[in-house]
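Residue numbers (our numbering), protein chains in the order written: chain A, 1 to 341; chain B, 342 to 625.
Glycine is no exception: its CB is placed at the ideal position from the N, C-alpha and C atoms.
The next block holds one structure in the form of structure tokens; read it before the comments.
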Amino acid sequence: MCQNPNEPSKNPSHFESSNTTEEPTHRDLLWEEYQNLIEGMRFFDPHIHMVSRTTDDYQMMAKAGIVAIIEPAFWVGQPRTGLASFKDYYSSLVGWERFRSSQFGIKHYCTMGLNSREANNERLAEEVMEILPLFAYKEGVVGIGEIGFDDQTVLEEKYYRLQLELAKKAKLPVQIHTPHRDKKRGTERSMSIALEHGLDPSWVVVDHNNEETVKSVLDQGFWAAFTIYPFTKMGNERMVAVVEKYGSERIMINSSADWGISDPLAIPKTAALMKQRGIPSDVIRMVTYQNAIDAFSKSGQIDVADFEIEFQPDPNAKFHGNSILRGGQQPVISKNSLLIQ
Amino acid sequence: MENILTNLTQFLFEETSVAERAWLEVQAQSNALELMTAFVAAPRFISKKNVTYDSQVRENLISHLPGFQADGWNLVRLSRVWLLLHLESEPKEQFIKNIETLFDTAELNELVALYSALPLLPYPWEWLARATDAVRSNMGFVFDAISLKNPYPELYFPEAAWNQLVLKTIFNGKPIHWIYGLERRKNKELSISIFDFISERYAAGRKVPAQVWRLVGSFVEESTYPKLVQLFASKEKEEREAAALVCFESKNPQFRSLLSKYPELELSIQNGDLDWSKLESISE
Ligand SMILES: [Zn+2]
Numbered sequence: 001m002c003q004n005p006n007e008p009s010k011n012p013s014h015f016e017s018s019n020t021t022e023e024p025t026h027r028d029l030l031w032e033e034y035q036n037l038i039e040g041m042r043f044f045d046p047h048i049h050m051v052s053r054t055t056d057d058y059q060m061m062a063k064a065g066i067v068a069i070i071e072p073a074f075w076v077g078q079p080r081t082g083l084a085s086f087k088d089y090y091s092s093l094v095g096w097e098r099f100r101s102s103q104f105g106i107k108h109y110c111t112m113g114l115n116s117r118e119a120n121n122e123r124l125a126e127e128v129m130e131i132l133p134l135f136a137y138k139e140g141v142v143g144i145g146e147i148g149f150d151d152q153t154v155l156e157e158k159y160y161r162l163q164l165e166l167a168k169k170a171k172l173p174v175q176i177h178t179p180h181r182d183k184k185r186g187t188e189r190s191m192s193i194a195l196e197h198g199l200d201p202s203w204v205v206v207d208h209n210n211e212e213t214v215k216s217v218l219d220q221g222f223w224a225a226f227t228i229y230p231f232t233k234m235g236n237e238r239m240v241a242v243v244e245k246y247g248s249e250r251i252m253i254n255s256s257a258d259w260g261i262s263d264p265l266a267i268p269k270t271a272a273l274m275k276q277r278g279i280p281s282d283v284i285r286m287v288t289y290q291n292a293i294d295a296f297s298k299s300g301q302i303d304v305a306d307f308e309i310e311f312q313p314d315p316n317a318k319f320h321g322n323s324i325l326r327g328g329q330q331p332v333i334s335k336n337s338l339l340i341q
Numbered sequence: 342m343e344n345i346l347t348n349l350t351q352f353l354f355e356e357t358s359v360a361e362r363a364w365l366e367v368q369a370q371s372n373a374l375e376l377m378t379a380f381v382a383a384p385r386f387i388s389k390k391n392v393t394y395d396s397q398v399r400e401n402l403i404s405h406l407p408g409f410q411a412d413g414w415n416l417v418r419l420s421r422v423w424l425l426l427h428l429e430s431e432p433k434e435q436f437i438k439n440i441e442t443l444f445d446t447a448e449l450n451e452l453v454a455l456y457s458a459l460p461l462l463p464y465p466w467e468w469l470a471r472a473t474d475a476v477r478s479n480m481g482f483v484f485d486a487i488s489l490k491n492p493y494p495e496l497y498f499p500e501a502a503w504n505q506l507v508l509k510t511i512f513n514g515k516p517i518h519w520i521y522g523l524e525r526r527k528n529k530e531l532s533i534s535i536f537d538f539i540s541e542r543y544a545a546g547r548k549v550p551a552q553v554w555r556l557v558g559s560f561v562e563e564s565t566y567p568k569l570v571q572l573f574a575s576k577e578k579e580e581r582e583a584a585a586l587v588c589f590e591s592k593n594p595q596f597r598s599l600l601s602k603y604p605e606l607e608l609s610i611q612n613g614d615l616d617w618s619k620l621e622s623i624s625e
């Protein structure tokens, strides 16, 4: 809790490069350059934090073919001071954010969990664990996540284990966040603890993998998720190489877009790149859509008809009497217009 | 409490499958946290089919709690209410804390179930602030759950909150005859507010549902007279009928003689052919 605000490594988002001289592997790609490559494709982003994103993002995501997303509960960027703010945050994941997403034709699911970094405040963590089941069982909750290790402390391990037990009891998949520091060891430790608790690895998605971790994750039967996050260790050109090497089985891609510099279009862009590099369409479909559905459908909470059948968002719909539209706005506006009317 | 549970259990188990019933029976045996979790998890184990019954037959589902209805609920809502009745009610502080936690963490359908359960829960006065809050809610389903076909407001709402509920029901264009105890809790203060509302709507060239006049009938004053003359001249049959019923209910001879100018309407009231129930329309 006593962090030095000037020390950047204590305030990472999903990833943070400790080696600042590393060249970004993310390339700017204009929509015009890749839209024809992904024409007609449907995408499922199994890890994105829409609470940090704007309406523009939703509009672009829908346009790029993203039909469904999973929003894992995570760290909102500053410590929460009480149980009430957890309640409100969790409620927003199954409430307002889900509604907002629906207004852009995107089906929104979430995973519920106590973030590893927040496990280090034991008093608060205890209180959160008491109410977590009340959120884990809600409709549209497709897993316990994102949980695992950050600094790999004793308390992180304690609440990781408790949440694995909750996942088992609730018959929900687990979404594991692997640490950015000491990743390889943290990943192995996360997996062995999950196995120790008797979890079936086909129910566990290990997230934020890289070339160093992927083989072991796949060999042990877990799902291996990759985060395409700018200025990090996983850019999408290297993602293409991973898919070329390991194929499409149990591999999935996500954006993990959040309040950090990130890209909610990481999946469609990576799909376009894979297409460009000659990866077969059915492989692209598996890693950008189907595998995520297969993994999280084990929750019993995903009905693909909800997003595979074209649906028009209802612009007159309201959530608790509130609309996303302010006085007379239309749900879709022209982004190319100079005049903002 | 025993009685409520017996009545509700019988009704619920008539509607559930064998597997659903088995799940419910296991949950009913468990501790508070497990029960609360079951309350949340119900849609994972219980179908959402609608429960309907002949409201004539089951006007009073719980024998000593008139007005409690489950008609049109889905099975999940009914199961959730039933699960809440298994929460240990002692010690009082713990029970209240558990219910408060469920309210604090509830999504929309859970809120609906919680408000539906209020008339059945112990310590009914403890929920008054929540209940009056729900009336102010913009959430349509939540508003309906507390305001319509629910005996809680009639039993516990103070007059101001009750009047607020009725006015908001009218304002939202919802059927006021679904407010339980409407006749019994008519009052002067409410009639004044409603009359203001009616005047405002007429001034704006808009209408009010004809049955709204039932709430003003017994409180009309001299100043209402021109409005009633106007109402009798309406093109709408229902408005003319409402005018007749208001005059008939009034003790004031001036209004009775106004009614006598419309002998057909007067006669049908006297014959029992016309009463407020004929004007109970349900707008979409
Ligand atoms: Zn995340």
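Am I right that B/Leu455 and B/Ala447 are in contact with their C-beta atoms under 8 Å? What's the rounded C-beta distance?
6 Å
For A/Ser91, return the contacting residues in chain B, with the cut-off set at a CB-CB distance below 9 Å.
Asp445, Thr446, Ala447 and Glu448
Check the C-beta distance from A/Leu265 over to A/Met61 and give it rounded, since I have them as a contact under 8 Å.
7 Å
Quick one: grab the DSSP three-state call for B/Phe409.
Three-state result, B/Phe409: coil.
Is it right to say B/Asn372 is buried, meaning 16 or more other beta carbons lie within 10 angstroms of its own, or is it exposed?
exposed
By Cβ distance below 7 Å, which residues in the same chain neighbour B/Lys490 in space, the five residues on each side in sequence not counted?
Gln410, Trp519 and Tyr521
Unbroken alpha helix (DSSP H) run spanning B/Ala363, endpoints:
Val359 to Ala369
Check the Cβ-Cβ distances between B/Val381 and every residue of chain A, and say whether any is below 8 Å.
yes
Thinking C-beta only, is B/Pro463 closer than 8 Å to B/Ser430?
A contact, by the Cβ cut-off of 8 Å.
Express the C-alpha separation of B/Glu621 and A/Tyr159 in angstroms, rounding to a whole number.
Going from the Cα of A/Tyr159 to the Cα of B/Glu621 covers about 57 Å.
Count the other CB atoms, across all protein chains shown, that sit within 10 Å of the CB of B/Asn612; report buried if there are 16 or more and exposed otherwise.
exposed
Determine the direct distance from the alpha carbon of A/Met191 to that of A/Gln152, and round the result to whole angstroms.
Spanning the two alpha carbons is a distance of roughly 13 Å.
Below 8 Å on the Cβ atoms is my contact criterion, and I expect A/His47 with A/Ser255 to pass it. Report the Cβ-Cβ distance as a whole number of Å.
With a Cβ gap of about 7 Å, A/His47 and A/Ser255 count as contacting.
Is the segment 118 to 134 of chain A close to the segment 81 to 88 of chain A, with three or more CB pairs under 8 Å?
Yes, they touch.
Any C-beta of chain B sitting closer than 8 Å to the C-beta of A/Pro5?
At A/Pro5 the pLDDT is 41, less than 50, meaning the model places this residue with poor confidence and gives no usable figure here.
In angstroms with no decimal places, state the Cα-to-Cα distance between B/Ile517 and B/Leu374.
38 Å
Do the CB positions of B/Gly408 and B/Glu495 come within less than 8 Å of each other?
yes
Rounded C-alpha distance that separates B/Arg526 from A/Gly260:
Those two C-alpha atoms are separated by around 57 Å.
Against chain B, which members of the segment 134 to 148 of chain A pass a CB distance test of less than 7 Å?
Leu134, Phe135, Tyr137, Lys138 and Glu139
Can you find a C-beta in chain B that's less than 8 Å from the C-beta of A/Val174?
no
Classify A/Pro72 as helix, strand or coil using the three-state DSSP reduction.
In the three-state reduction of the DSSP assignment, A/Pro72 falls in the strand class, which pools E and B.
Using only alpha-carbon positions, find the residue among A/Ile284, A/Leu199 and A/Asp219 that is nearest to A/Ala241.
A/Ile284
Checking 8 Å against the spacing of the C-beta atoms, do A/Ile69 and A/Thr111 come in under that value?
no
Check whether the segment 141 to 152 of chain A touches the segment 290 to 306 of chain A, counting contact only when three or more Cβ pairs, one atom from each stretch, lie closer than 8 Å.
yes
Any C-beta of chain A under 8 Å from that of B/Arg547:
no
C-alpha distance - A/Pro24 paired with A/Lys183, whole-angstrom precision
Interpretation of A/Pro24 is limited by its pLDDT of 47, a score under 50 that renders its predicted location unreliable; no figure is taken from the coordinates.
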